[in-house]
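To keep things clear, I will list the structure first and then write my remarks on it.
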Ligand code: G
Ligand code: G
Ligand code: MN
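In my numbering, the protein residues as written are 65 to 713.
Below you can see the structure in the form of structure tokens.
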């Protein structure tokens, strides 16, 4: 201890290290602030943290280096000094590299020009290290008179380096200025003038070697400008960024938590300044009372009347208990003057889910669930369950793959698989057609249409899947053409797709590419409840019919079937849904209806297909009704495309 004290005193007699000490304290304080304020852990903050660490090391090694130079001449040892000098040079280069990267990456565009940035950073580091290490290797840091180290030459070299650094960072920022907002440009360049003033000082004051410590200042400025979170001064809560950082850490560390999202839609929509004033005051009171329930509870203010309350918990039971206490507190009537009023609030309860590991997924899951409030109205509590999280994950997995299929635009994509269900023709007693049914094969798992078609429709990918199915069906039909019995394969197309402007040319192009004849492909479409441009649909269907493609009306008898439109469109066949047949067998009225409809359609010239025939009784029944084609498990389940040939031989 005594020797440390002596060392410090002797230091201050020889060199002035006040700046270094001040900067070390500053960095440590900054660390503490970051620890408490939880700024959002962005890409930039990572560079920032790295820079701060290097800066701290630089200052420490610099002091150590100076310590070596003040030893009495007889105890001079070249080794420790050289080691400290080398470490100093490396960490100093690291600090400047981080500054350089930070400044460059302020432009979002630059983050994707990784190669360019790496090359520039590489050159920057190489030049810098050479400038620092060369004088030492050349012995310029040794005093010629007594063999001791002299820092005055180092100081001059360092002044030149710093000037160079300020110029490089300034220049790259200037080149980058168009990709960076005005306010960021202004803020980020503050430190260049500060640095230049410091360089001038260093040039005149040789007993203090503070300049390498001054690089702490830019980091301080960056932090204040770009990483501090907005604090809500009414409720005294931190905001969205701090909330996200907290959740992120919990997810990363698998730390269980519960979250209650509270929103007050009724106050939000009311425009009464008196109520507004009281309500905001109450938000403040509530926030404090909530925090008193448990010391781990945090309230984050996301926007006015929208709060996220989080509490880390030991286990599920504790989570339930805290959630109930929160709900009790929040649903208490408010006392205003001598009146009690009940504020309408919506609560969304959630927690950590094993499946959800990224904050993006977590926030998306909550957002999806939140939509339910629109249907349920005000004063509701909705819970995001484990089942929701599982379904979300599954949905996201399928969606990701479908989107990838869409962007690959590969008609031969082997994730899309065509199964075929052969269809029996009653007149000839042979299989003449087959329906292509889509499956997805992802990581060796087969996914069925009832699961992925709704997802594909929602994310706007259904057409990309249809294109691939059409291509595969067309290629298969070309192969099956060799068999005399074969007439055509049918492919399901969503009605939405038929409203697209270029669908005819596109479909025709796909048939040509597969080398198939249009008459060997038929399209099945289902009536849709969605509002679409029916004029365009009719126009497209007419054009495709004129190219030789027949259309089936699929799933007749389910949901929404508009008879007027059925007759108005050039369908060649009507495909009765299985549910209609099953019902007709049990129910007399439906039987009469189906009998009437089948006669009517036959008279109008449609051929009739029925699906879902599983037993011989069902087959006999539909035969009597005069159906032309039967599709059903009685004949065959859907089979892989490679197994379908035998049906047409
Ligand atoms: O084969 P499966 O029973 O799983 O089919 C379920 C539903 O998915 C059927 O109603 C069928 O119309 C639909 N489907 C199957 N393949 C396709 C396809 O390629 N495109 C569209 N739009 N729907 C399909
Ligand atoms: O696109 P469409 O809804 O017409 O598709 C026909 C659907 O009916 C496919 O999902 C197919 O797997 C299914 N299907 C075909 N035959 C039978 C059957 O005999 N029984 C049942 N339950 N479903 C069938
Ligand atoms: Mn179909």
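Beta carbons are placed, not taken as given, at the ideal position from N, Cα and C, and that holds for glycine.
Check	Outcome
Endpoints, alpha helix (DSSP H) assigned at residue 494	Here residue 494 belongs to no alpha helix (DSSP H); instead the beta strand (DSSP E) covers 494-506.
Bounding residues of the alpha helix (DSSP H) (the contiguous stretch that carries residue 681)	680-688
Rounded straight-line distance, which links the Cα of residue 405 to that of residue 465	50 angstroms
Proximity below 7 angstroms, CB of residue 377 to CB of residue 371	no
Residue 160 versus residue 277 - alpha carbon distance	12 angstroms
Residue 588 beta carbon near ligand 3 (any heavy atom closer than 6 angstroms)	yes
Closer than 6 angstroms: residue 465 CB and nearest ligand 3 heavy atom	no
Three-pair Cβ contact test at 8 angstroms for the region 483-495 versus the region 704-713	yes
Where residue 447 falls: helix, strand or coil (DSSP)	strand
For residue 368, the three-state DSSP class (helix, strand or coil)	coil
Simplified DSSP assignment, three categories, for residue 177	coil
Residue 706 - DSSP class collapsed to helix/strand/coil	helix
Boundaries of the alpha helix (DSSP H) in which residue 310 is found, first to last residue	304-316
Member of 604, 556, 684 and 361 whose CA lies at the smallest distance from the CA of residue 639	556
Beta-carbon proximity of residue 541 to residue 553, cut-off 7 angstroms	yes
Beta-carbon gap between residue 619 and residue 641 smaller than 7 angstroms	yes
Contiguous beta strand (DSSP E) assignments of at least 3 residues, all confined to the region 551-596	552-557 and 585-590
Where residue 325 sits in the DSSP three-state scheme	strand
Residue 532: CB within 6 angstroms of a non-hydrogen atom of ligand 1	no
Contacting residues, own chain, Cβ-Cβ under 7 angstroms from residue 562 (five flanking each side not counted)	589, 601, 604 and 605
CB of residue 282 within 7 angstroms of CB of residue 430, strictly	no
Run of the alpha helix (DSSP H) containing residue 645, from where it starts to where it stops	642-650
Exposure label - residue 670; buried when at least 16 CB within 10 Å	buried
Residue 608 - containing alpha helix (DSSP H), residue span	598-610
Own chain residues within Cβ distance below 8 angstroms of residue 193, not counting five before or after	153, 154 and 157
Residue 322 versus residue 313: straight-line alpha-carbon distance, rounded	14 angstroms
Touch test, the region 518-535 against the region 691-698, Cβ-Cβ under 8 angstroms, three pairs minimum	no
Option in 237, 382 and 631 with minimal Cα separation from residue 591	631
Rounded Cβ spacing between residue 324 and residue 413 (contact assumed at less than 8 angstroms)	6 angstroms
Residue 501 CB to nearest heavy atom of ligand 1 below 6 angstroms	yes
Nearest candidate by alpha-carbon position, reference residue 255, set 188, 234 and 535	234
Cβ-heavy atom distance, residue 697 to ligand 2, below 6 angstroms	yes
Of the residues 273, 188 and 243, the one placed nearest residue 131, counting alpha carbons only	273
Supposed contact pair residue 293 and residue 303 - C-beta distance, whole angstroms, cut 8 angstroms	5 angstroms
Identified DSSP bridge partners for residue 412	325 and 446
Whether residue 538 touches residue 613 by CB criterion (7 angstroms)	no
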